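Chains as they are written, first to last, in this note's numbering: chain A, 297 to 646; chain B, 21 to 376.
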């Protein structure tokens with residue numbers, strides 16, 4: 297978002313409608329505007345990635361449009377940095393909004409979609425939205441479902457020993473909780489006397505590719521499984537910005553201070569299907585959390601429809617231009633296929 | 021005169037004292053048991069985990085990602101198979117992140133036959149493990165090498181797999197480990213009293229570690245010639261290595277000069293050493309006890325043919341385990357399933373007799 301535009305929008309929020317704002321929201325207007333800005337930016341990024349896929353500027357798309365109302369508040373409350381004093385993030389492939397909050401430049405995600413040499417996350421080796429950034433404690437995202445719930449155990453053990461306020465955060469979808477790895481995470485996180493500072497998040501979009509959750513799972517809430525382990529749990533409407541914000545705030549405060557696990561299930565939407573394998577077309581019968589958020593912002597007088605449309609168009613143009621630029625960038629050299637199999641190693645070594 | 025289990029234990033102790041090892045964990049790894057093969061008795065950083073192999077490998081990865089340095093054990097390699105995708109993930113963290121991340125972690129697991137372990141305690145894992153890029157994989161055949169290879173693994177910034185040949189874990193070494201008591205029966209007894217947990221109540225027991233343990237390291241990727249010879253090369257590792265050495269000694273009495281190479285590191289392996297030996301002898305047999313189909317030795321044969329076809333005097337051969345689902349418990353079944361001395365002798369004689 298352009299600084300000038302942000303300034304103008306901020307100024308508008310101070311223009312005498314404070315009473316209405318306070319009635320509608322608990323967060324401050326500038327926080328709401330910031331969340332909206334990031335949500336739109338993340339959404340436009342995902343839609344640009346989908347367009348790139350459909351224009352054959354990428355082989356595959358999978359992502360998280362529909363999860364912004366939860367993921368933006370999550371990203372904004374992450375303690376960002378490198379090392380055990382900061383939050384260690386074991387994310388999955390619907391986390392572009394979180395990365396957007398952390399400071400990922402959209403062009404970086406576009407480069408991974410196009411698999412160019414400058415892809416900063418994998419050097420052209422991995423799918424879109426498979427991020428990795430050591431300086432922010434974002435461990436490499438894998439296509440394997442649920443293995444992140446296992447690796448999260450280890451960094452949480454390290455942070456339990458280390459102390460401080462850094463915690464481990466893991467997220468994943470609802471279908472993956474059928475894997476034993478999810479149960480492993482619950483067991484290891486709650487060992488008596490060795491409980492882990494681990495925020496276990498499930499973003500429940502009610503689908504496993506084409507299979508409805510309700511046809512495969514008997515549990516009412518996924519979070520209820522945590523109760524058997526004496527774990528604090530919650531199931532929330534992840535399509536509501538403020539409900540997400542305050543649930544995350546409470547869960548994070550608990551994990552940071554008590555150094556114990558919390559299982560948080562957020563009910564979210566899946567707006568473009570599972571992935572490009574199912575067409576990546578907009579799904580009109582799912583609730584769009586940004587639309588809902590914008591209705592409230594408009595009613596509360598925080599943003600006008602015109603401003604919000606203008607914001608979206610600004611990002612659309614920015615990302616269109618970036619995607620055009622990325623299309624011209626070179627692909628990785630075939631000579632690099634063996635690089636980095638071991639740390640610092642270049643070329644074939646055997 | 022440490023046995024291999026004691027040698028590994030001393031290396032792990034050196035690691036937790038000097039190399040920043042933060043965790044040594046797995047099923048029954050911590051007190052009171054200290055590992056089903058006693059390898060982790062008395063260690064300060066050892067602890068028991070849930071009975072969950074996937075959790076163990078995942079936890080090891082997470083510890084490494086967080087910047088800690090651990091050794092994780094899977095109690096028998098027979099139970100590591102359900103972690104295959106975790107091992108694959110660990111091996112690709114550096115590559116898939118284009119070098120942004122690395123995973124300094126060590127996994128150890130007992131492998132192979134020799135304890136009459138039946139169907140689910142006798143598997144080998146070298147054929148499967150060498151299919152997974154990104155790892156460094158070792159298998160010692162002597163206590164001294166076990167010590168030095170473990171130290172090398174603990175220092176390496178990549179995932180390392182330490183395969184423990186369970187048939188050799190009680191074997192005593194002929195080469196001194198720097199710092200251990202003298203290689204005498206008295207020294208052996210002294211070491212036992214110092215670092216072996218007593219039977220019965222161990223609640224108050226603490227290991228007394230030899231004070232002079234050192235940084236002795238066997239470089240990863242370096243094999244070793246354990247018998248020099250000129251007519252035949254035997255390449256092996258782990259349990260079958262001392263059997264190959266014994267075969268070479270017997271063959272020498274028959275007038276056959278066999279060179280024996282202990283590979284020690286399976287990946288990345290010491291091709292230069294193998295290659296030079298094949299150039300010299302023109303005849304080679306690769307010996308290991310994993311099942312013979314898609315065996316690691318088959319890769320070595322392929323490379324032998326690719327690079328030494330016109331220097332060979334006889335067909336390169338593989339002597340490996342029978343391609344059966346497991347190893348049967350009855351003595352004749354186990355003996356027929358994995359290479360024994362007579363098998364190595366018979367094949368060696370055949371290869372040496374084969375017309376050039």
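We put the CB at the ideal spot given by N, CA and C, even for glycine.
All values derive from a computational prediction rather than experimental measurement.
query, result
"Residue-chain proximity (residue 426 of chain A, chain B), Cβ-Cβ < 9 Å", "yes"
"Where residue 642 of chain A sits in the DSSP three-state scheme", "coil"
"Buried/exposed call for residue 451 of chain A, threshold 16 Cβ in 10 Å", "buried"
"Short CB-CB distance (under 9 Å) between residue 562 of chain A and chain B", "no"
"Which of helix, strand or coil DSSP assigns to residue 386 of chain A", "strand"
"Contact test: residue 220 of chain B Cβ vs the ligand SAM heavy atom, cutoff 8 Å", "Although the ligand SAM was asked about, the structure shown includes no ligands whatsoever."
"Simplified DSSP state of residue 268 of chain B, which is helix, strand or coil", "helix"
"Contacts of residue 80 of chain B in chain A (Cβ-Cβ under 7 Å)", "450"
"Neighbour list for residue 637 of chain A in chain B, Cβ cutoff strictly below 9 Å", "111, 112, 114, 115, 153, 154, 178"
"Nearest-angstrom beta carbon gap, residue 412 of chain A and residue 625 of chain A [assumed within contact, 8 Å]", "4 Å"
"4-residue-minimum alpha helix (DSSP H) runs that sit fully inside the stretch 148-198 of chain B, ordered along the chain", "163-175"
"Through-space distance from residue 344 of chain A to residue 298 of chain A, alpha-carbon basis", "At residue 298 of chain A the pLDDT is 45, less than 50, meaning the model places this residue with poor confidence and gives no usable figure here."
"Own chain residues within Cβ distance below 7 Å of residue 40 of chain B, not counting five before or after", "89"
"Residues that residue 83 of chain B contacts on chain A, provided the C-beta gap is smaller than 8 Å", "450, 451, 453, 454"
"Closer than 7 Å at the beta carbon, the chain A residues around residue 149 of chain B", "The contacting residues do not exist; residue 149 of chain B stays about 15 Å from chain A at best."
"Counterpart residues of residue 528 of chain A in DSSP-defined beta bridges", "A:558"
"Spatially closest choice to residue 115 of chain B from A:361, A:435, A:378, A:564, by CA coordinates", "A:435"
"Cβ contact check for the stretch 46-65 of chain B and the stretch 233-253 of chain B: 3 or more pairs under 8 Å", "no"
"Collapsed DSSP secondary structure at residue 480 of chain A in the structure displayed", "helix"
"Beta-carbon separation (whole angstroms), residue 403 of chain A vs residue 611 of chain A, contact threshold 8 Å", "The pair is not a contact, with the Cβ atoms about 13 Å apart (cut-off 8 Å)."
"Reduced DSSP secondary structure (H/G/I, E/B, other) of residue 410 of chain A", "helix"
"Proximity to residue 147 of chain B [Cα-Cα], best of B:218, B:286, B:325", "B:286"
"Close Cβ partners of residue 240 of chain B (< 6 Å) along its chain, the five nearest in sequence each way excluded", "156, 172, 285"
"Chain A contacts made by the stretch 344-356 of chain B, where a contact means CB separation under 8 Å", "none"
"Endpoints, the alpha helix (DSSP H) within which residue 375 of chain A is located", "Element bounds for residue 375 of chain A: n/a, residue is neither H nor E."
"Continuous alpha helix (DSSP H) assignments of at least 4 residues falling wholly in the stretch 445-510 of chain A", "476-485"
"Residue 287 of chain B, DSSP secondary structure in three states", "strand"
"Nearest-angstrom Cα separation, counted from residue 118 of chain B out to residue 600 of chain A", "44 Å"
"Start-to-end residues for the beta strand (DSSP E) that takes in residue 357 of chain B", "Not the beta strand (DSSP E): residue 357 of chain B falls in the alpha helix (DSSP H), residues 351-357."
"Beta carbon proximity, residue 289 of chain B to chain A, threshold 9 Å", "yes"
"Neighbouring residues, chain B, relative to residue 645 of chain A (Cβ below 7 Å)", "288"
"Spatially closest choice to residue 410 of chain A from A:470, A:348, A:426, by CA coordinates", "A:348"
"Sufficient close CB pairs (3 or more, under 8 Å) joining the stretch 297-310 of chain B to the stretch 332-340 of chain B", "yes"
"Local conformation of residue 125 of chain B per DSSP, three classes", "strand"
"Segment limits, alpha helix (DSSP H) that includes residue 115 of chain B", "104-116"
"Limits of the unbroken beta strand (DSSP E) element including residue 92 of chain B", "90-93"
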